[in-house]
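Numbering (my numbering), first residue to last: 1 to 301.
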Ligand code: DGL
């Protein structure tokens, strides 16, 4: 089941652990997962990261669970080829429907974003009414409701699918009348349900955060705390790496960041520049083909 890394397993000089120096693999259906990459970078700048955005096949949120599982398997098997020590699923839709399948077949730890997001929502709510906006797939899976109720079964969860927000973000259309009207429409039932915490249950949505804040300021009578899972995921990741003896600690040298996409890099580079606080030219983003899963890894879930 385990793939041999094409890039080998470099020795972590700081810890002496054979695995600690390997990169962390992160993947998303598109560019939204960069919100998670940024949080991980801030939490652990010494870790090397390989990020894969499946930009040729985004969106995942409107597809069937079995298709999402198949795509997720292809992305993770590709990351194994880069010698990663752990996989972060920086996509709510994949985390909602494919985590058990991935954990079943991958020979390394897999971390999703739903549990950290659910926990942040529960912590932020004083009234016990939590709203979630996410893709159709995530809402239909009931994953947030389950994760929130696993923490506190008395909480009322009001979820609403917000499918138009992903293409808006992918288009870079994150301000102005069109995204504001879409956000207003999607938040209306949550405001009506008097939630006091809203989880942005899709890694693309934090890019619309200024619009979300404006809509809540102008249309919501009660104070609402908006949370996303990126920071909580980064904190969970640090804990998991430490527990598993996989942390690349002790180095003051920033880790490397390798960016991979499955479609042309242009739009992705512009956004990556914003997220990494440095210019990311197109040639720094590699376009790869993942239609052929890596040999030796198949889904038997
Ligand atoms: N990144 C996905 C998520 O967090 C949204 C984009 C998509 O639909 O693929 O659910």
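C-beta: ideal position from N, C-alpha, C; glycine also.
Just verifying my parser: in three-state terms, what is the DSSP assignment at residue 158? strand
Between residue 211 and the rest of its own chain, which residues show a CB-CB distance below 6 Å, the 5 nearest in sequence each way excluded? 179, 180, 183
Classification of residue 264 by the beta-carbon crowding that lies within 10 angstroms, buried from 16 upward: exposed
At the level of alpha carbons, what is the spacing between residue 43 and residue 229? 14 Å
Just the C-alpha distance for residue 279 and residue 109, rounded to the nearest angstrom, thanks. 32 Å
Nearest residue (CA-CA) to residue 86, options 232, 53, 49: 49
Would you identify the three-state DSSP class for residue 97, choosing helix, strand or coil? helix
Please report the straight-line C-alpha distance between residue 172 and residue 52, rounded to a whole angstrom. 19 Å
Taking the DSSP output, what are the residues bridged to residue 201? 134
Is residue 228 helix, strand or coil by DSSP? strand
Just the Cα atoms here: how many angstroms apart are residue 56 and residue 29? 9 Å
Compute every distance between the C-beta of residue 302 and the non-hydrogen atoms of the ligand DGL, then say whether any falls below 7 Å. With the chain represented from 1 up to 301, any question about residue 302 goes unanswered, as that position is not in the structure.
Taking the Cβ atom as the reference point for each residue, do residue 73 and residue 111 lie within a distance shorter than 8 Å? no
Applying the criterion that 16 or more other CB atoms from any shown protein chain within 10 Å of the CB defines a buried residue, is residue 61 buried or exposed? buried
Where residue 193 and residue 219 are concerned, what is the direct C-alpha to C-alpha distance, given to the nearest angstrom? 13 Å
Are residue 122 and residue 152 touching if we call contact CB-CB under 8 Å? yes
Measure the beta-carbon distance from residue 124 to residue 225 and round it to whole angstroms, keeping in mind my assumption that it falls under 8 Å. 4 Å
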